[in-house]
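Quick note on full-length UniProt numbering: the sequence shown kicks off at 1 and runs consecutively. Where a beta carbon is used, it is the ideal one built from N, C-alpha and C, also for glycine.
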Amino acid sequence: MASSFDKYQKRKLISSYISVVISIALVLFLLGCLGLLVINSKKVADHFKEQVVMTIYLNDTAKDVEVNQLKKSLAMANYTKDAVYVSKEEAAEFMKAETGEDFMDFVGYNPLKNSIDVHLKADFVTTEQLTEISEGLSNKAFIEEIRYDNDLVELMNDNVKKITFWVLIISAVFTLIAVLLINSSIRLAVYSKRFIIKTMQMVGATKRFIRKPFIWKSVQLGIVGALVALGGMAVVLYYLDLSFPELELLKNTIAIAGLFAGIFLLGILITWISTFIATQRFLNLKTDQLYY
């Protein structure tokens, strides 16, 4: 009979430990994924900004030497990510492929212009920078026109600021929720042993002696939960990198390593503090108060 009861108690204890580990792992995993979003939010925003094209249209009278000099100067400019020369013939072929019709059959000639498509670095995709760059290039006589979608740039920058703000707010709120959830799981685990704590105290054990095994066990559970969470984060990061290779998510190794280390330490720290507070509470209660 005693053996069956011991087995039951052991199974109950293991079940309690598993639930705590799962709670810690899930919370830390979600918090880690949010951290990955925060770390890579600028990279994602920069990726979309660099899709904005500034098109420089050239006069038909532009000389080859002038065009070549312009291409070289654009390639060397600190604001250029890449610059591609598009001849009027290439532009006509592209339009024909897009529309499925040859507009030159109706017009009788090619009205398009030779152009250079410039993708700017993300830091220069602002209304002020684009205006300054455009004004600096417009003084060249062989440049007919410079076009870019200014409304799209303004909308994109406004949305990036809003998203960044809300991501930070959500991160702070989620961190608080993570601490509260893990604390609740630890407190429930300690609550189930409140009579053991009081019994040890009644036979003369010091508070430090009583707390030590509880804290060590909780820290162990925190380490296991953190490792499970880190494994999940690694899988998510791996598949995101496969799905969006252009973002180069794995290149920012220092920030990612810092996030993984932070999640691991957070799992240890929260479980340590929560267990300390929970055991201290039951140590300070009177025996008759343990039943409430």
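Start-to-end residues for the alpha helix (DSSP H) that takes in residue i
i: Y239; result: 207-243
i: D64; result: 64-76
i: F124; result: Taken as a continuous stretch (DSSP letters only), F124 belongs to no alpha helix (DSSP H), as it is neither H nor E.
i: K198; result: 194-202
Residue i, buried or exposed, once every other Cβ within 10 Å from all chains shown has been counted against 16
i: S15; result: exposed
i: V118; result: buried
i: I170; result: exposed
i: I197; result: buried
i: V65; result: exposed
Alpha-carbon spacing of residue i relative to residue j, whole angstroms
i: N78; j: L265; result: 40 Å
i: F219; j: Q201; result: Before going on, a small fix: residue 219 reads as Val here, not Phe. One C-alpha to the other measures close to 22 Å.
i: F94; j: L249; result: 32 Å
i: R194; j: V179; result: 22 Å
i: K207; j: T275; result: 13 Å
i: G32; j: E154; result: 31 Å
Identity of the residue in the options nearest residue i by Cα
i: K140; options: V86, D60, L70, T175; result: L70
i: D60; options: L269, T275, F165, E145; result: E145
i: S185; options: S73, R211, L221; result: L221
i: V20; options: Q129, G225, V53; result: G225
i: Y17; options: K42, K88, K217; result: K217
i: I277; options: L242, R211, L227, L237; result: R211
i: L112; options: L58, V236, T164; result: L58
Contact check, residue i vs residue j, beta carbons under 8 Å
i: L34; j: A229; result: no
i: V44; j: V167; result: no
i: I133; j: A83; result: no
i: I24; j: I182; result: yes
i: L36; j: M233; result: yes
Span of the beta strand (DSSP E), counted from its first residue to its last, around residue i
i: D82; result: 80-86
i: T55; result: 53-58
i: E145; result: 143-147
i: L137; result: Careful: L137 lies outside any beta strand (DSSP E), inside the alpha helix (DSSP H) at 127-138.
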